[in-house]
Amino acid sequence: MDKRIKDILIKIKEAGYVAYLVGGSSLDEYFNLPYTDIDIATSATPQQISQLFDVISTQGEMFGNVKIQYQNLKAELTTFRIETYIYPSVYPKILRFSSNVKEDSYRRDFTINALYMDENQKIMDFHQGLSDIKAKKIRFIGDPQKRIKEDPSRIFRGLRLHQKTHFEFEEKTKQAIFNLVQEIKRLSKNKIAYEIKKTYDECGILNTNQLYEQWNVLKTLFGYNKVFYLENASEISLENIKEQLKEMLE
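Residue 253 is where the sequence shown ends in our numbering, and the numbering goes up by one at each step.
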């Protein structure tokens, strides 16, 4: 574990709270891969976090989310929370913040994304994520159809996991993604562009286009399997992806 991440976790703990590396970050650490993002879940609130670290963004504060910078390392810290969704909104309604890590775990999307790692690299696993890693399976926490209808961007995240790990989807998860891929059209263009850009960054352009074609993402969005015409990673930006989306969807 990067010493700076460990220091952040320890500093929060010494202040009387708890904190864990979580999501893709803990998965990257588990597989000893380079971090794509640094995500930390904590019992501390944004206000309490701001007393401990240099906060560089409070844009998601209403969701318990702030971004900090510590010794040139940027990390996203999110307060444990219990949330719900009211269809057709794709944004969560926060019922309350929590001090209980297990309560927080139920809002995570996939079992292997719900591993909470402490400063000693000890893992808290509430949903058999380690067993699914061993079986090389990607599985939703809870009912797959419900989880996709709550937030269709989970389809994009699941496909990224599939491409990065080469794990297979558990059958109910697989069928839900195939059957509900139309749900991604409920997302805003900005959100779709963000998810496409993130997949390009983590999986590469060619892999992303092949992945989206295989799972009918391109056909769902554009009516046919149109691929983006970006030729190399240096061309990729949210703005040019948004522009292409605008052209394709008109």
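Glycine is no exception: its CB is placed at the ideal position from the N, C-alpha and C atoms. None of the values given here were measured: they were computed from a predicted structure.
Where does residue i fall in DSSP's three states?
{"i": "Asp107", "result": "helix"}
{"i": "Lys125", "result": "coil"}
{"i": "Phe181", "result": "helix"}
{"i": "Arg160", "result": "helix"}
{"i": "Leu12", "result": "helix"}
{"i": "Ala196", "result": "helix"}
{"i": "Asp204", "result": "helix"}
{"i": "Met65", "result": "helix"}
{"i": "Pro81", "result": "The residue you asked about is not Pro; residue 81 is Thr in the sequence shown. Strand, per DSSP."}
{"i": "Ile144", "result": "coil"}
{"i": "Thr39", "result": "coil"}
{"i": "Asp5", "result": "coil"}
{"i": "Glu186", "result": "helix"}
{"i": "Glu153", "result": "helix"}
{"i": "Glu17", "result": "helix"}
{"i": "Glu174", "result": "helix"}
Would residue i and residue j be called neighbours here (beta carbons separated by less than 7 angstroms)?
{"i": "Phe56", "j": "Ile71", "result": "yes"}
{"i": "Ile1", "j": "Ser101", "result": "With the chain covering only 4 through 253, there is no way to say anything about residue 1."}
{"i": "Arg7", "j": "Gln51", "result": "no"}
{"i": "Ser53", "j": "Val21", "result": "no"}
{"i": "Glu122", "j": "Ile13", "result": "yes"}
{"i": "Ala117", "j": "Arg111", "result": "yes"}
{"i": "Gln148", "j": "Ala179", "result": "yes"}
{"i": "Lys139", "j": "Phe170", "result": "yes"}
{"i": "Ser257", "j": "Leu190", "result": "Limits of the chain in this structure are 4 at one end and 253 at the other, which puts residue 257 out of reach."}
{"i": "Ile151", "j": "Glu186", "result": "yes"}
{"i": "Pro49", "j": "Val69", "result": "yes"}
{"i": "Ser29", "j": "Met120", "result": "yes"}
{"i": "Gln124", "j": "Met4", "result": "yes"}
{"i": "Glu106", "j": "Arg163", "result": "no"}
Would you kindly report the start and end of the unbroken alpha helix (DSSP H) that includes residue i?
{"i": "Asn68", "result": "Where Asn68 is concerned, there is no enclosing alpha helix (DSSP H), although the beta strand (DSSP E) it sits in stretches over 68-73."}
{"i": "Tyr215", "result": "208-217"}
{"i": "Ser29", "result": "27-33"}
{"i": "Asp135", "result": "132-138"}
{"i": "Phe225", "result": "220-225"}
{"i": "Ser60", "result": "Taken as a continuous stretch (DSSP letters only), Ser60 belongs to no alpha helix (DSSP H), being part of the beta strand (DSSP E) at 57-60."}
{"i": "Ile52", "result": "49-53"}
Pop quiz: residue i and residue j are said to be a contact at Cβ under 8 angstroms. What is the actual Cβ separation, rounded to whole angstroms?
{"i": "Ile141", "j": "Gly161", "result": "6 angstroms"}
{"i": "Asp154", "j": "Val93", "result": "5 angstroms"}
{"i": "Ile43", "j": "Tyr23", "result": "7 angstroms"}
{"i": "Leu224", "j": "Lys188", "result": "7 angstroms"}
{"i": "Phe143", "j": "Phe181", "result": "Going by Cβ atoms, the distance from Phe143 to Phe181 rounds to 13 angstroms, so no, they are not a contact pair."}
{"i": "Thr87", "j": "Leu98", "result": "6 angstroms"}
{"i": "Gln166", "j": "Asn210", "result": "6 angstroms"}
{"i": "Ile11", "j": "Ala78", "result": "6 angstroms"}
Provide the residue span of the beta strand (DSSP E) that contains residue i, from first to last.
{"i": "Arg84", "result": "84-87"}
{"i": "Arg99", "result": "96-100"}
{"i": "Tyr23", "result": "22-24"}
{"i": "Arg119", "result": "The sequence given here places Tyr at residue 119; Arg does not occur at that position. Here the beta strand (DSSP E) through Tyr119 covers 118-120."}
Any heavy atom of the ligand MG closer than 6 angstroms to the beta-carbon of residue i?
{"i": "Arg163", "result": "As far as ligands go, the structure on display features none, and thus does not contain the ligand MG."}
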